[in-house]
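Have a look at the structure below before the remarks.
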Amino acid sequence: MHTTLLSVTTGNQPAVHDLTPECRRFLRGEAEAADGVLQVFVPHATAGLALIELGSGSEADLLATLAELLPADRRWRHSHGSRGHGRSHVMPALVAPYATVPVIGGELALGTWQSIALIDLNIDNRTREVRLSFLSG
Amino acid sequence: MHTTLLSVTTGNQPAVHDLTPECRRFLRGEAEAADGVLQVFVPHATAGLALIELGSGSEADLLATLAELLPADRRWRHSHGSRGHGRSHVMPALVAPYATVPVIGGELALGTWQSIALIDLNIDNRTREVRLSFLSG
Amino acid sequence: MHTTLLSVTTGNQPAVHDLTPECRRFLRGEAEAADGVLQVFVPHATAGLALIELGSGSEADLLATLAELLPADRRWRHSHGSRGHGRSHVMPALVAPYATVPVIGGELALGTWQSIALIDLNIDNRTREVRLSFLSG
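Read top to bottom, the protein sequences are chains Z, W and V. Everything in the first sequence is counted per the working numbering, starting at 1 for the first residue and increasing by one. Everything in the second sequence is counted per the working numbering, starting at 138 for the first residue and increasing by one. Everything in the third sequence is counted per the working numbering, starting at 275 for the first residue and increasing by one.
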């Protein structure tokens, strides 16, 4: 299996970070025009992955939805770190830290409007790792 | 990798569309009684996949839950198309457009009550594509 | 493909059950220090999987969040079984019954704080099956 571990900077605000260019770059180097599946994985307990359209407002919509479903208040049992940190620990149950995307002829078989995004509500971690793995079929 | 792209009609109402028969048909043709994993993928930014029981009311329950968590109102930044269209762009972060299901001896290893369903709140798109890929183990 | 079906006891209360030790044991026996992907699958229509931190309060936080998003009341169409049973049938659309985790050198490539947990709100089923499958790369 071809696999690599990336480091991405998500900053100190809730973030939606586009991973699609990195995924394409990885496949260009590793997939050799083969068919298979790209598995994207975030080895963190306070981050997730979403396949959404970027650049048309859905980033703000998603963060607003998560702020409503998982408020940054004092309700959380898991309560070290910044106010509302516990919400970031529940998020991966709803926005999972893994995703799989078909690869055809070495290219991501995404839809026109789909991107692969890292979702990070955790304002205490500025840097995140992402593992990309290519399983050829 | 064996892979195919299906076209399914979801109509102009929020829809829960059963893909299980198509998945079974695909495996019958391609999996040749092998073990592996079926990857189901929707190449759209406003649709998702859910593995739920169908035919006992959960379709309506799921659509009602999504109507509550992601209301079809004017709150969304992403706001072209029909009223509430922006909710459809957030949905794939919660109801992901990929799923993986084990295949044993060429058959889906689903539980008795599980089906594979396409979830489509988007009333502006009547037709959707679904990619099925079989990774043999 | 190496695959096995486990039986786990989740009891008669909403449960977050750690599957990580079983996953490690399975890989020790089957993965032979290879690279690949572990696919975890719950063949039930009322259970899901979450990759979260365990042992710091997030179990209670997740169950409280699910109690709010999917209340155990009489709103559900799917309404046989215990009060609120219908919520358990919607949960897998949000907390999916599949997960994939990279395996490097026969070991789960999880982050330090990540565990693989079975989420079961269904108080009518005390025992659950879980399928583990290893796809080598």
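Cβ atoms here follow ideal geometry from the backbone N, Cα and C, with glycine treated the same way.
Nearest-angstrom Cβ-Cβ length linking residue i and residue j, presumed shorter than 8 Å
i: V:Asp335; j: Z:Arg77; result: 5 Å
i: V:Pro376; j: V:Val311; result: 6 Å
i: V:Ala289; j: Z:Ala96; result: Not quite, the Cβ-Cβ distance comes to about 19 Å (not below 8 Å), so this is no contact.
i: Z:His66; j: Z:Asp18; result: According to the sequence provided, residue 66 of chain Z is Leu. The question's His does not apply to it. Z:Leu66 to Z:Asp18, Cβ: 17 Å. No contact.
i: W:His222; j: W:Ala182; result: With a Cβ gap of about 11 Å, W:His222 and W:Ala182 do not count as contacting.
i: V:Arg361; j: V:Leu337; result: The pair is not a contact, with the Cβ atoms about 12 Å apart (cut-off 8 Å).
i: W:Arg165; j: W:Leu245; result: Not confirmed; about 10 Å, so no contact.
i: V:Met275; j: V:Leu406; result: No, V:Met275 and V:Leu406 are not in contact; Cβ-Cβ is about 11 Å, not under 8 Å.
i: W:Ala184; j: W:Ala254; result: At roughly 11 Å, the Cβ-Cβ gap does not stay under 8 Å, so W:Ala184 and W:Ala254 are not in contact.
Three-way DSSP call (helix, strand, coil) for residue i in this model
i: V:Arg298; result: helix
i: V:Leu343; result: helix
i: Z:Glu183; result: Nothing about residue 183 of chain Z can be read from this structure; chain Z reaches only from 1 to 137.
i: Z:Glu107; result: strand
i: W:Ala184; result: coil
i: V:Ala305; result: coil
Cβ-based burial, residue i [other Cβ within 10 Å; buried from 16]
i: V:Leu366; result: Per the sequence shown, residue 366 of chain V should be read as Pro rather than Leu. Buried is the call here.
i: V:Asn396; result: buried
i: W:Glu196; result: buried
i: W:Ser252; result: buried
i: W:Gln176; result: buried
i: Z:Asp120; result: buried
i: V:Glu304; result: buried
i: W:Glu205; result: exposed
i: W:Ser219; result: exposed
i: W:Gly148; result: exposed
i: V:His354; result: exposed
i: W:Asp172; result: buried
i: V:Ala307; result: exposed
i: Z:Thr3; result: buried
i: W:Gly242; result: exposed
i: Z:Arg74; result: exposed
i: Z:Pro21; result: exposed
Residue i: contacting residues in chain Z (beta-carbon distance under 8 Å)
i: V:Leu392; result: Those do not exist, as V:Leu392 stays about 12 Å from chain Z at its closest Cβ, beyond 8 Å.
i: W:Phe178; result: Thr100, Val101, Pro102, Ala109
i: V:Glu306; result: Within 8 Å Cβ-Cβ: nothing; V:Glu306 doesn't reach chain Z, min ~14 Å.
i: V:Leu395; result: Chain Z residues near V:Leu395: none, gap ~12 Å exceeds 8 Å.
i: W:Gly223; result: Gly57, Ser58, Asp61
Where the alpha helix (DSSP H) containing residue i begins and where it ends
i: W:Pro229; result: 222-231
Under 8 Å from the C-beta of residue i: neighbouring residues of chain W
i: Z:Ala93; result: By Cβ distance, chain W contributes nothing, its closest Cβ being about 11 Å from Z:Ala93, past 8 Å.
Host beta strand (DSSP E) of residue i (start-end)
i: W:Ala254; result: 252-257
i: Z:Arg131; result: 127-136
i: W:Asp261; result: Taken as a continuous stretch (DSSP letters only), W:Asp261 belongs to no beta strand (DSSP E), as it is neither H nor E.
i: W:His139; result: 139-146
i: Z:Gln39; result: 36-41
i: Z:Gly17; result: The identity of residue 17 of chain Z in the sequence shown is His, whereas the question assumes Gly. First-last of the beta strand (DSSP E) with Z:His17: 15-18.
Proximal residues of chain V, C-beta to C-beta of residue i below 9 Å
i: Z:His17; result: Going along chain V, no residue has its Cβ under 9 Å from Z:His17, so there is no contact; the nearest lies around 17 Å.
Interface partners of residue i on chain W, CB under 9 Å
i: V:Arg351; result: Ser193, Gly194, Ser195, Glu196, Ala197, Asp198, Ala201
i: V:Thr277; result: Asp172, Pro239, Ile241, Ala246, Gly274
Proximal chain Z residues relative to residue i, where beta-carbon distance stays under 7 Å
i: V:Glu327; result: Ala45, His89
i: V:Leu343; result: Leu69
Where residue i meets chain W, residues with beta-carbon distance less than 7 Å
i: V:Pro371; result: Leu188
i: Z:Leu135; result: Leu272
i: Z:Val130; result: By Cβ distance, chain W contributes nothing, its closest Cβ being about 16 Å from Z:Val130, past 7 Å.
i: Z:Val37; result: Gln176, Ser270, Leu272
i: Z:Gln114; result: Pro180, Ala182
Chain-ordered neighbours of residue i on chain V, where CB pairs are closer than 7 Å
i: Z:Thr10; result: Chain V residues near Z:Thr10: none, gap ~15 Å exceeds 7 Å.
i: Z:Thr127; result: The premise fails here: Z:Thr127 is roughly 13 Å from chain V at the closest Cβ pair, so nothing lies under 7 Å.
The ligand COA heavy atom lying under 6 Å from the CB of residue i
i: W:Phe271; result: Absence of the ligand COA is noted for the structure shown, with no ligands found whatsoever.
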